[in-house]
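For the sequence shown, the working numbering assigns the number 5 to the initial residue and increments by one for each residue that follows. Glycine included, each C-beta is placed from N, C-alpha and C at the ideal position. Just so we're clear, the structure is a prediction, and the values are computed from it rather than from any experiment. Here the structure comes first, spelled out in structure tokens, and everything after it is commentary.
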Amino acid sequence: MKEIFKTYTPAPLLRAYGDAKRALQKYTHPTPKDEVVSFNLQSVYRGHFKVTYRGIPCLRYPFDYVMYQMIVSEIQPDLIIEIGTNYGGTALYFADLMDAVGHGAIHSIDVEDRVRAEVAAHPRITLFKNGWEGYDLAHAAGYKKILVLDDASHMYEDVLGALQKFAPLVSVGSYFIVEDGIINEVGGEAQYHGGPLKAIREFLPTHTEFTVDRTYCDMFGTNATANINGYLKRIH
Ligand SMILES: C[S@@+](CC[C@H](N)C(=O)[O-])C[C@H]1O[C@@H](n2cnc3c(N)ncnc32)[C@H](O)[C@@H]1O
5 MKEIFKTYTP
15 APLLRAYGDA
25 KRALQKYTHP
35 TPKDEVVSFN
45 LQSVYRGHFK
55 VTYRGIPCLR
65 YPFDYVMYQM
75 IVSEIQPDLI
85 IEIGTNYGGT
95 ALYFADLMDA
105 VGHGAIHSID
115 VEDRVRAEVA
125 AHPRITLFKN
135 GWEGYDLAHA
145 AGYKKILVLD
155 DASHMYEDVL
165 GALQKFAPLV
175 SVGSYFIVED
185 GIINEVGGEA
195 QYHGGPLKAI
205 REFLPTHTEF
215 TVDRTYCDMF
225 GTNATANING
235 YLKRIH
């Protein structure tokens, strides 16, 4: 009987039934106070400042950590260009992932030099200190599968500039990941002159070779990522 109900009931109705059942359970068996689950965008935002990778600050939402390792495994890039190194936590994360697939190099670009020693010493990582503006695209010559990640100033002008400069490097099937569109949601839109989201909105209509990959943006719920509409997949 249960199987017939599951087979012939439309999915939205099944979900509504499940929700109602859980709500009733909660009502009849309330959760003890110390077992209550409570988090939201603001709490995840505050928490992401505490994230480290191998002890090195690596400010990232948990959802994106998971998706980055999926993307590295899926694309197996020859080269990842990371714009915005900071202490190098993400560069090291990528380098370790690349070690796992046995393939790839990272060019990490910043304007400051605060990188931890183990990051600078990693054989897969090359550091560039002249900002995204000063990176010579010739450094990427010879690499076929290229993935680009912008996690630098998050100012609208910088993000758009980086998109225009680096997007042609992204190989078909790979990604330009624009990080931190979430700053608009947490009140930073004016400070960042519209931020990454304004840049994405302007970039996409004239670059139909890219599309927002909803598989990653919406994996854990609609735009449950710091990179709102930021997983730009090159489709041709
Ligand atoms: C949010 S942090 C990067 C965090 C790093 N990706 C991580 O996950 O650990 C932003 C970095 O961008 C750098 N930055 C600012 N302007 C830049 C530019 N024009 N080019 C490259 N990096 C820049 C800052 O110095 C800072 O270290």
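#1: Does the contact criterion of 3 or more C-beta pairs under 8 Å hold for the segment 121-140 versus the segment 87-102?
#2: Report yes or no: do three or more beta-carbon pairs, one from the segment 69-79 and one from the segment 140-148, lie closer than 8 Å?
#3: On the three-pair Cβ rule with 8 Å, is the segment 186-202 touching the segment 16-33?
#4: Taking 6 Å as the cut-off, is the C-beta of Asp68 nearer than that to any heavy atom in ligand 1?
#5: Taking Ala156 as the reference, which of Pro36, Thr94 and Val176 has the closest Cα?
#6: With DSSP as the reference, identify every bridge partner of Gly225, one or two as the case may be.
#7: Quick check on Val76: does DSSP put it in helix, strand or coil?
#8: What did DSSP end up calling Ala109 once you bin it into helix, strand or coil?
#9: Ligand 1 heavy atoms versus the CB of Val115: any closer than 6 Å?
#10: If you drop the 5 nearest sequence neighbours on each side, which residues of the same chain put their C-beta closer than 7 Å to that of Ser178?
#11: Could you compute how far the alpha carbon of Lys6 sits from the alpha carbon of Tyr31?
#12: By the three-class DSSP mapping on this structure, what secondary structure does Lys149 have?
#13: Use the C-beta contact count for Asp38: other C-beta atoms within 10 angstroms, 16 or more gives buried, fewer gives exposed.
#14: Output yes or no for whether 7 Å exceeds the beta carbon distance between Tyr160 and Gly198.
#15: So what's Pro66 in DSSP terms, helix, strand or just coil?
#16: On the premise that Phe214 lies in contact with Ala171, defined as a C-beta separation below 8 Å, what is that separation, rounded to the nearest angstrom?
#17: Rounded C-beta distance between Ile60 and Gly92? I'm assuming under 8 Å.
#18: Give the DSSP-derived three-state secondary structure of Tyr31 in the structure shown.
#19: For Pro61, does the three-state DSSP call read helix, strand or coil?
#20: Cβ atoms of Ala166 and Asp154: under 7 Å apart, would you say?
Considering the structure as presented:
#1: yes
#2: no
#3: no
#4: no
#5: Thr94
#6: Met223
#7: helix
#8: strand
#9: yes
#10: Ile79, Pro81, Lys149, Ile150, Leu151 and Arg238
#11: 24 Å
#12: coil
#13: exposed
#14: yes
#15: helix
#16: 7 Å
#17: 6 Å
#18: helix
#19: strand
#20: yes
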